[in-house]
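> In numbering that gives the first Met the number 0, the protein residues as written are 0 to 324.
Ideal Cβ positions, reconstructed from N, Cα and C, are used throughout, including at glycine.
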Amino acid sequence: MLVVMKHSATDIQIIEVVDRLRQMGFRAERLPGSERTAIGIMGNVGYVDADAVAQYPGVKELIHVTKPYKLVSREFHPENTVILVGNVRIGEDFVVIAGPCAVESEAQLMEAAEGVKKAGARLLRGGAFKPRTGPYSFQGLGLEGLKLLAKARDLTGLPVVTELLSESDLEMVAEYADVIQIGARNMQNFELLKAVGKTQKPILLKRGMSARLEEFLLAAEYILNEGNPNVILCERGIRTFETATRNTLDLNIVPLIKELSHLPILVDPSHGTGIYSLVAPLSKAAKAVGADGLMIEVHPHPEEALSDGNQSLNLENFTQLMNEL
Ligand code: PEP
Ligand code: MN
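1) Compute the minimum distance between the beta carbon of C233 and the heavy atoms of the ligand MN, and state whether it is under 7 Å.
2) Restricting to Cα atoms, I'd like to know which of L204, Y46, G141 and M208 is closest to Y175.
3) Within a Cβ cutoff of 8 Å, which residues of the same chain sit near Q187, ignoring the five residues on either side of it in sequence?
4) Compute every distance between the C-beta of E296 and the non-hydrogen atoms of the ligand MN, then say whether any falls below 7 Å.
5) Say yes only if the C-beta of S167 is nearer than 7 Å to one or more non-hydrogen atoms of the ligand MN, and no if none qualify.
6) Near the ligand MN, which residues have their beta-carbon less than 5 Å from any of its heavy atoms, given in chain order?
7) Going by DSSP, what residue range makes up the alpha helix (DSSP H) through L169?
8) Between T80, E78 and V178, which has its C-alpha nearest G125's C-alpha?
9) Can you tell me whether S302 is helix, strand or coil according to DSSP?
10) Measuring CA to CA, which of V3, L123 and D307 is closest to A27?
11) Is the Cβ-Cβ distance between V297 and A285 less than 8 Å?
12) Can you find the residues in the same chain that come closer than 7 Å, C-beta to C-beta, to A173, ignoring five residues on each side of it along the sequence?
13) For N146, is the beta carbon positioned less than 7 Å from some heavy atom of the ligand PEP?
14) State the Cα-Cα distance for the pair K66 and R184, rounded to the nearest angstrom.
15) At a cut of 8 Å, does the region 68-83 reach the region 216-233 through at least three beta carbon pairs?
16) Please classify Y18: is it buried, with 16 or more other beta-carbons within 10 angstroms of its beta-carbon, or exposed?
17) Out of K257, D92 and A8, which one is the CA nearest neighbour of E78?
18) For Q107, count neighbouring Cβ atoms within 10 angstroms of its own Cβ and tell me buried if that reaches 16, exposed if not.
19) Is it buried or exposed for F128, if we count other Cβ within 10 angstroms and need 16 for buried?
20) Between the Cα of T244 and those of A51, A111 and Q310, spot the shortest distance and give me the residue it belongs to.
21) Look at M109 and A151 and say whether their C-beta atoms are less than 8 Å apart.
22) Just to confirm before moving on: does the CB-CB distance between R35 and H6 stay below 8 Å?
23) Apart from the five residues just before and just after D307, which ones in its own chain have a Cβ nearer than 6 Å to its Cβ?
24) At a threshold of 7 Å, does P67 count as lining the ligand PEP (C-beta to nearest heavy atom)?
25) Within 7 Å: the Cβ of E162 and any heavy atom of the ligand PEP?
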């Protein structure tokens, strides 16, 4: 970190900041320039959290040189991380995860599972615990939904992805899920992140709807920092001023994350657009910008869906998209 002092900073003010940084355990050196003095923190391992010195008189600004995340960074780990789920290699193969937003019934899930498998999906998704905006909307089947997912896995051989909403359900969800999803609304639920970090389950971490790239990577860092390296990132659109679509799918982040991190990144064009007719074009765009795969909502009868019917593909449209991809 560099502490840039104001042009008008006095010698005493500079010494005060240097002394404070040294008290905090950092090696701080004066770097006099022709216009102003900066103070460099040297020899630190990783990110320096000394932002409080900005309060000292004479300080103009702080410039961080090192990123606040480490374990997720490509600098620290140059090779791509490949996460093995059953025989699927996420981060190596282009992987499509598909299935309904919510598990609604045995008939619905089995039809969806067989259909998406036939079309080429490698994993099945389905929410048993649903994070709905309002309390009167369908909240998911809970344990019964998890059991149906296990049944669909037996039927098709597809590993299953399902969302964990609360730490108290972790053991139960981990028993049934091959991949645990942490949804957008929980991306900064740090206790939940730490809890899944203590398992070795693959975690599909969705970007928070207002999360900046750095916050997204720091959320993943929480999981790795607890000892679980198996994190799959997922861009699912962010809130912007645009209301014509449910969210604005931020494809910029895909190649940028590829530069900054070794973790695989998937794209969810279903939540990213909220409109079924946009799912196919944005899926292709996601593949073109280098995503490691897609997560797509597919319902055998979208017009009857209990959640997210508007953005769900039917099996025919999904099959066509898979062929085009
Ligand atoms: C989902 O995948 O069903 C979901 C609720 O997504 P998000 O957390 O991205 O809104
Ligand atoms: Mn959904």
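Looking at the coordinates:
1) For C233, the CB stays at least 7 Å from every heavy atom of the ligand MN.
2) When C-alpha distances from Y175 are compared across L204, Y46, G141 and M208, the shortest belongs to G141.
3) Taken in chain order, the residues that qualify are G207, A210, E214 and A218.
4) Yes, the ligand MN has a heavy atom inside 7 Å of this Cβ.
5) No, Cβ of S167 sits at least 7 Å from all heavy atoms of the ligand MN.
6) That query returns the following residues: C100 and D307.
7) Run containing L169: L169 to Y175, per the alpha helix (DSSP H) assignment.
8) Out of T80, E78 and V178, V178 has the C-alpha closest to the C-alpha of G125.
9) Here the sequence assigns Glu to residue 302, which means Ser is not the residue at that position. Three-state DSSP puts E302 in a helix.
10) For the options V3, L123 and D307, the alpha carbon positioned closest to that of A27 is the one of V3.
11) Against a cut-off of 8 Å, the Cβ pair of A285 and V297 comes out as no contact.
12) The residues I179, T198 and K200, in chain order, have a CB closer than 7 Å to that of A173 in the same chain once the five nearest residues on each side in sequence are set aside.
13) Reading off the sequence shown, one finds Lys at residue 146, where the question assumed Asn. K146: no, Cβ never under 7 Å from the ligand PEP.
14) It is roughly 24 Å from the alpha-carbon of K66 to the alpha-carbon of R184.
15) Flag = yes, the region 68-83 and the region 216-233 touch.
16) With the sequence shown as reference, residue 18 is identified as Asp, and Tyr is not the correct amino acid for it. Exposed is the call here.
17) Comparing Cα positions, the closest option is K257.
18) When all chains shown are included, Q107 counts as buried.
19) Flag for F128 reads buried.
20) The shortest C-alpha to C-alpha distance from T244 to any of A51, A111 and Q310 is the one to Q310.
21) Taking the C-beta atoms as reference points, A151 is found nearer than 8 Å to M109.
22) Taking C-beta atoms as the reference points, R35 and H6 count as a pair closer than 8 Å.
23) Excluding residues within five positions, the ones whose Cβ falls inside 6 Å are C100 and E296.
24) No; taking the cut-off as 7 Å, the Cβ of P67 has no heavy atom of the ligand PEP nearer than that.
25) For E162, the shortest separation between its Cβ and any heavy atom of the ligand PEP lies below 7 Å.
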